[in-house]
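**Student:**
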Amino acid sequence: MEKWPNNRAWLLVLPVFVIVAFSAIIPLMTVINYSVQDIFGPGQSVFVGTEWFREMLANDRLYEALWRQFLFSGLVLLIEMPLGILIALAMPKKGWGVPVCLVTIALPLLIPWNTIGTIWMIFTRPDIGLFGAGMNNLLGIPFDHTDNWLDAWITVMLMEVWHWTPLVVLLAYAGLRAIPEAYYQAARIDGASAWATFLYIQLPKMRGVLTIAFLLRFMDSFLIYAEPFVLTGGGPGNSTTFLSIYLVKIALLQFDLGPGGAFSLIYFVIVLLFSFIFYQALQRVGKGEKV
Amino acid sequence: MARIELNEIAHSYLPKPKSESDYALKRIHNVWDDGGACALLGPSGCGKTTLLNIISGLLTPSRGRVLYDGKDVTGLPPEKRNIAQVFQFPVLYDTMTVFSNLAFPLRNRGLSEIEIRERVLEVAEILDLVPFLNKRASGLAADAKQKISLGRGLVRSDVAAILFDEPLTVIDPQMKWTLRSKLKEIHEELKLSFIYVTHDQVEALTFADQVAVMFEGEIVQIGSPQDLFENPEHRFVGYFIGSPGMNFLECTIEGNEARVDGAGIVLDEEAAAKARKARGKLELGIRPMYLEVHAGFGDGMVRARVKGVEDLGSYRIVALTLAGQTLKARLPEDKPVPEGEVWLGFPPQWTRLFADGRLVK
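As they're listed, the protein sequences go chains A and B. Just so we're on the same page, my numbering is the position in the first sequence counted from 1, plus 1098. Just so we're on the same page, my numbering is the position in the second sequence counted from 1, plus 139.
1. Taking Cβ-Cβ distances shorter than 7 Å, what residues in chain A pair up with Val-230(B)?
2. Under 9 Å between C-beta atoms, does Leu-260(B) make it to chain A?
3. Name the one or two DSSP bridge partners that Leu-423(B) has.
4. Does Ile-1287(A) get closer than 9 Å to chain B when you measure Cβ to Cβ?
5. Which residue or residues does DSSP assign as beta-bridge partners of Gln-169(B)?
6. Short of 6 Å in beta carbon distance, which residues of its chain neighbour Leu-266(B), apart from the five on each side in sequence? Order them along the chain.
7. From Ala-1156(A) to Ile-1123(A), what does the alpha carbon distance come to, in whole angstroms?
8. How would you call Ile-1209(A), buried or exposed, if buried means at least 16 neighbouring beta carbons within 10 angstroms?
9. Closest to Phe-303(B) by CA distance: which of Pro-475(B), Lys-187(B), Ile-255(B), Ala-494(B) is it?
10. Three or more C-beta pairs under 8 Å: does that hold for the stretch 230-249 of chain B against the stretch 1292-1305 of chain A?
11. Pick helix, strand or coil for Val-1367(A), following the three-state DSSP scheme.
12. Quick one: which residues of the stretch 236-260 of chain B get their C-beta closer than 7 Å to a C-beta of chain A? List them in chain order.
13. How many angstroms separate the CA atom of Phe-1374(A) from the CA atom of Ser-1171(A)?
14. So, does the stretch 396-406 of chain B touch the stretch 374-386 of chain B, judging by three or more C-beta pairs under 8 Å?
15. Can you name the residues of chain A whose CB is closer than 7 Å to the CB of Glu-218(B)?
16. Between Leu-344(B) and His-326(B), what straight-line distance do the alpha-carbon atoms span, to the nearest angstrom?
17. When DSSP labels each residue in this structure, what does Arg-220(B) get in the three-state scheme?
18. Tell me, which residues are paired with Ile-1239(A) by DSSP?
19. Consider the Cβ of Tyr-1161(A): report whether some Cβ of chain B lies at a distance smaller than 9 Å.
20. If the criterion is Cβ atoms closer than 9 Å, does the pair Leu-1207(A) and Leu-1265(A) meet it?
21. Spell out whether any CB of chain B is found under 9 Å from the CB atom of Lys-1303(A).
22. Under 9 Å between C-beta atoms, does Val-1389(A) make it to chain B?
23. May I have a chain-ordered list of the beta strand (DSSP E) segments no shorter than 3 residues that lie completely inside the stretch 194-247 of chain B?
24. Since Ile-1299(A) meets chain B, which of its residues come closer than 8 Å, beta carbon to beta carbon?
25. Between which residues of its own chain and Thr-317(B) is the CB-CB distance below 6 Å, once the five residues before and five after are set aside?
26. Can you list, in chain order, the residues of its chain with a C-beta nearer than 7 Å to that of Pro-217(B)? Leave out the 5 residues immediately preceding and following it.
27. Please list the residues of the stretch 174-199 of chain B that have a C-beta atom closer than 9 Å to any C-beta atom in chain A, keeping them in chain order.
28. Who pairs with Ala-304(B) in a beta bridge, going by DSSP?
29. Note down, in chain order, every chain A residue with its Cβ under 8 Å from the Cβ of Ile-224(B).
30. Would you call Lys-467(B) buried or exposed, if buried means 16 or more other Cβ atoms sit within 10 Å of its Cβ?
31. Under a CB-based cut-off of 9 Å, is Leu-1109(A) close to chain B?
32. Whose C-alpha, out of Ile-1364(A), Phe-1327(A), Gln-1378(A), Leu-1371(A), is nearest the C-alpha of Thr-1216(A)?
33. For Arg-291(B), go through chain A and note every residue whose CB falls closer than 7 Å to its CB, in chain order.
34. Return the residue from the list Val-1259(A), Ala-1360(A), Leu-1109(A), Pro-1103(A) that minimises the CA-CA distance to Met-1127(A).
35. Got a sec? Which residues, its chain only, sit under 8 Å from Asn-273(B) by beta carbon, not counting five neighbours each side?
36. Do we get a CB-CB distance below 9 Å when we pair Trp-1294(A) with the residues of chain B?
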């Protein structure tokens, strides 16, 4: 059969190209454009090279927000991954309990992020919130997330865990359901304990979905904005000012587009870099040869 | 090693079975001798795997008892019974090496590392797995993986029987032969009881000295491969074993003859006498390889028409029409194939009668 090049086929890629251009390439180019200029107003800008990058990399508040962000993402992964797996293991395997559990657990994922911030702001208010007022008045434990940094962190963590653990649960549950029954039967015949079954069958078989859960939770928690912004506004002080909240402060509240652009790119590179490292590491887990 | 006895076993997956049809296993009463190689043969859905899981303890039967060497184990979980099971597809602990996979059942039972090492090396030797011991199990070919699953059973010195649930399904055709002969070899060397479930008659007949044919939740016949071929006791055994399966013709009995739409087929006197007493729908059965096809008329022959011929290399299958029913005959390659009208001979010693599916006897 004779083949001839038909370059018109490239036209089929065009719609995707246009969509990606508008959704990713053009915004990214705009940010890069901002990051190398000092903009005074429309049509008044000066090329400044890497000045904004140097300035941002020397910015102490950026580093504070960055460490805060790492602490936050670290805690999120540390709590949500084991908790999600645990809940998935405890869920029923068949019967009417399955849809009930799945729907109940998935509910937080369906709520708009701003609404979640609002729900938790009201829920934890020390004067009228069920949780906040309960802590203060019923248990006698002083709790005020608008005043105390630890209380603010606890509140943000609670909200985050409540909001996103369901994602880990759903993924882990799907992974568990995909394990053929024969593996459990073989484990029973081999006399494996429940712990050994988990360690050598369930966990390795869940690796794929858990990798996805881990990366999604890392990226999303690293980029978190709406919920803590609504809940604490980054306070008290700067104690819950995460990277994105700080970025919005610079870029939109102070309208420093140049430093904001440079900040965004640094932020982007960090997320990309860590996602890459985690992905590589997780791919390698349990693949070496040993006796 | 153990004698496995199934005492009036019946099983239903429903919590409250009402009728006969709710039972996956209807009534199984059977004894497997120590050290035998037995196969459970039957089509998908006949209850073979259910029966196997009852023997291994993965399922508790709704009724009846399972005995090992006379000891009732019906209520014991699989880890308390001395059995091992090899599944349809290889079940491995992916993150472990081949060595750790083989050692796993022993480690779970708290043996010392020295004992474990010794046993694992011994078994690896038998299964030709020594070069792979330090390799990760997940990277091996399907047949090596299946050997590891088998090895996890063999390492346990107390193992009484190994149950196979269609273990060659995922193995490449040419490797099937190798692995099957390996299984036979191991069986002869270790003298363990093997129970082998399959829907492939070639596998069952070449592997086992005793084959139990299952049909709709019942064992319809147990016997040697030759027995099953020559003396099927149930219509299903005749149909399922042999390729192509036994021919069946609806018939009535008149004197010493089976009448098929006007034509008379002479029977063995004894068989005819029994058939006259039998109740239910009568059918005549004959294996394609025993059905004689002649171009000219001879004594006791019946007229038929050739419908088509299939050449299978070493032999031919001739499809024939007799009184509106289709028959198949298996002819050697060197014999000429007649065309059009032919005469069929039914050698009385190979002609069987079935009443309602069961051999008349």
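Glycine included, every Cβ here is placed at the ideal spot set by N, Cα and C. Computed from a predicted structure; not experimentally measured.
**Tutor:** In terms of the structure at hand:
1. As a first step, residue 230(B) must be located in the second sequence, where it is residue number 91. Per Cβ cutoff of 7 Å: Ala-1280, Tyr-1281, Ala-1284.
2. Taking the first residue of the second sequence as position 1, residue 260(B) is located at position 121. Cβ-Cβ to chain A under 9 Å: no for Leu-260(B).
3. Position 284 of the second sequence holds residue 423(B). According to DSSP, which records beta bridges pairwise, Leu-423(B) is partnered with Leu-388(B), Leu-492(B).
4. Within the first sequence, the letter at position 189 stands for residue 1287(A). Interface residue, yes.
5. Residue mapping note: residue 169(B) aligns to position 30 of the second sequence, counting from 1. Before going on, a small fix: residue 169(B) reads as Asn here, not Gln. Partner(s): Leu-145(B).
6. The residue you call residue 266(B) lines up with position 127 of the second sequence. Result list for Leu-266(B): Lys-286, Gly-290, in chain order.
7. If you number the first sequence from 1, residue 1156(A) lands on position 58. If you number the first sequence from 1, residue 1123(A) lands on position 25. Between Ala-1156(A) and Ile-1123(A), the C-alpha separation is close to 28 Å.
8. Locating residue 1209(A) in the first sequence gives position 111, counting from the first residue. Per the 10 Å Cβ criterion, exposed.
9. Along the second sequence, one-based indexing puts residue 303(B) at 164. Ranking Pro-475(B), Lys-187(B), Ile-255(B), Ala-494(B) by Cα distance to Phe-303(B) puts Lys-187(B) first.
10. yes
11. Mapped onto the first sequence, residue 1367(A) falls at position 269. Val-1367(A): helix per DSSP, three-state reduction.
12. Thr-236, Phe-238, Phe-243, Pro-244, Asn-247, Arg-248
13. For the purposes of this step, residue 1374(A) is identified with residue 276 of the first sequence, where counting begins at 1. For the purposes of this step, residue 1171(A) is identified with residue 73 of the first sequence, where counting begins at 1. Near 16 Å, if we compare the C-alpha coordinates of Ser-1171(A) and Phe-1374(A).
14. no
15. Here residue 218(B) refers to the residue found at position 79 when the second sequence is read from its first residue. Neighbours of Glu-218(B) on chain A, chain order: Arg-1286, Ile-1287, Gly-1289.
16. Position 205 of the second sequence, counted from the start, is the residue given in the question as residue 344(B). Position 187 of the second sequence, counted from the start, is the residue given in the question as residue 326(B). Distance between the alpha carbons of Leu-344(B) and His-326(B): 15 Å.
17. Numbered from its first residue, the second sequence carries residue 220(B) at position 81. Arg-220(B) falls in the coil class under three-state DSSP.
18. To locate residue 1239(A), count along the first sequence from 1; it is residue 141. Beta-bridge pairing links Ile-1239(A) to no other residue.
19. Taking the first sequence and counting its residues from 1, one reaches residue 1161(A) at position 63. Not an interface residue.
20. Walking along the first sequence from the start, residue 1207(A) turns up at place 109. Walking along the first sequence from the start, residue 1265(A) turns up at place 167. Against a cut-off of 9 Å, the Cβ pair of Leu-1265(A) and Leu-1207(A) comes out as a contact.
21. Here residue 1303(A) refers to the residue found at position 205 of the first sequence. Yes, contact with chain B.
22. The residue labelled residue 1389(A) in the question sits at position 291 within the first sequence. A caution first: Val-1389(A) carries a pLDDT of 33, below 50, which makes its placement in the model too unreliable to give a value.
23. 202-207, 222-225
24. What you label residue 1299(A) is simply residue 201 of the first sequence in a count that begins at 1. Those within 8 Å of Ile-1299(A) in chain B are Tyr-232.
25. What you label residue 317(B) is simply residue 178 of the second sequence in a count that begins at 1. Counting only Cβ-Cβ distances below 6 Å, and skipping sequence neighbours, we find nothing.
26. To locate residue 217(B), count along the second sequence from 1; it is residue 78. Result list for Pro-217(B): Ser-195, Gly-196, Leu-197, in chain order.
27. Asn-192, Ser-195, Gly-196, Leu-197
28. Stepping through the second sequence from its first residue, residue 304(B) is reached at position 165. Per the sequence shown, the amino acid found at residue 304(B) is Asp instead of Ala. According to DSSP, Asp-304(B) bridges with Val-336(B).
29. Counting from one through the second sequence, the residue named residue 224(B) turns up at place 85. Here the sequence assigns Gln to residue 224(B), which means Ile is not the residue at that position. Ordered by position in chain A, the residues that pass the 8 Å Cβ test against Gln-224(B) are Gln-1283, Ala-1284, Ile-1287.
30. The residue given as residue 467(B) occupies position 328 in the second sequence. Counting Cβ neighbours within 10 Å, Lys-467(B) comes out buried, since at least 16 surround it.
31. The count along the first sequence starts at 1 and reaches residue 1109(A) at position 11. Answer no: the Cβ-Cβ gap between Leu-1109(A) and chain B never drops below 9 Å.
32. Start at 1 with the first residue of the first sequence, and residue 1216(A) comes out as number 118. The candidate whose alpha carbon is nearest that of Thr-1216(A) is Phe-1327(A).
33. Within the second sequence, numbered from 1, the residue matching residue 291(B) stands at position 152. Chain A residues near Arg-291(B): Asp-1288.
34. In the first sequence, residue 1127(A) corresponds to position 29, counting from 1. When each option's Cα is compared against that of Met-1127(A), the closest is Ala-1360(A).
35. Against the second sequence, residue 273(B) aligns to sequence position 134. The residues are Thr-236, Val-237, Phe-238.
36. Looking up residue 1294(A) in the first sequence gives position 196. It should be pointed out that residue 1294(A) corresponds to Ala in this sequence rather than to Trp. Yes, its Cβ sits closer than 9 Å to a Cβ of chain B.
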